[in-house]
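One structure is given below, encoded as structure tokens.
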Amino acid sequence: MSFQFSMEKVLTVKQKEKESIELELGEAVQAFESIAEEIYSLLKRKEDIENLSNQQFQQRIVVNDLQNTQRFLLSMSNKIKELQPVLQRARERMQVIQQKLLQQTIEVKKYEKLKEKQIHAYEMELTLYENKQNDEFSVLRYAKS
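Under numbering that gives the first Met the number 0, think of the first position of the sequence shown as 0, with each following residue one higher.
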């Protein structure tokens, strides 16, 4: 007589759903990090160019060079502004998936806890059955002697 958890299939499905959500979260985190790195790179480049522009200004470089630098900085600023909402959406998506993962983890834990309780109850029942049989054997041995 072996233990059969009645909700084993449900537990397996919940665990697979959890694994799927974990993969989805990994992809969302990767997308978020990619966008964040791109924004960081642009901000760093912009800062470097602004520093160069300030040096050029102090050295009284040609106005045309300054204008080109300013246009490039404006272009980078616009690109950063475009990417910030994309980053925010990626962050929100990541947070939604984290919440789904948390819910799924709770679901899996509920079924695992139920399984543990049923295993414990089964083991107790089995122990009682074995004790009862041992008592019966003891009574039979005593009756024969």
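The beta-carbon is built from N, C-alpha and C at its ideal position, and this holds for glycine as well.
Beta-carbon proximity of residue i to residue j, cut-off 9 Å
| i | j | result |
| --- | --- | --- |
| V107 | L10 | yes |
| I79 | I38 | yes |
| Q103 | K17 | yes |
| L41 | M75 | yes |
| F2 | Y121 | yes |
Contact set for residue i: own chain, Cβ-Cβ below 6 Å, skip 5 residues either direction
| i | result |
| --- | --- |
| I92 | The sequence shown places Arg at residue 92, not Ile. Only A27 meet the Cβ criterion. |
| A160 | Look at the range of the chain in this structure, 0 to 144, and you will see that residue 160 is not part of it. |
| K114 | F4 |
Integer-rounded CB distance, given that residue j should sit under 8 Å from residue i
| i | j | result |
| --- | --- | --- |
| Q55 | L65 | 6 Å |
| K109 | I20 | Not really, about 16 Å apart at Cβ, beyond 8 Å. |
| L72 | E49 | 6 Å |
| L24 | Q132 | Going by Cβ atoms, the distance from L24 to Q132 rounds to 51 Å, so no, they are not a contact pair. |
Status (buried if at least 16 other CB within 10 Å, exposed otherwise) for residue i
| i | result |
| --- | --- |
| F31 | buried |
| I118 | exposed |
| I105 | exposed |
| K116 | exposed |
| K13 | buried |
Residue i (DSSP reduced to helix, strand or coil)
| i | result |
| --- | --- |
| V12 | helix |
| M75 | helix |
| S137 | helix |
| V61 | coil |
Neighbourhood of residue i by C-beta, 8 Å cutoff - its chain only, sequence neighbours within 5 removed
| i | result |
| --- | --- |
| L86 | F31, I34, A35, I38 |
| T68 | I48, L51, S52, Q55 |
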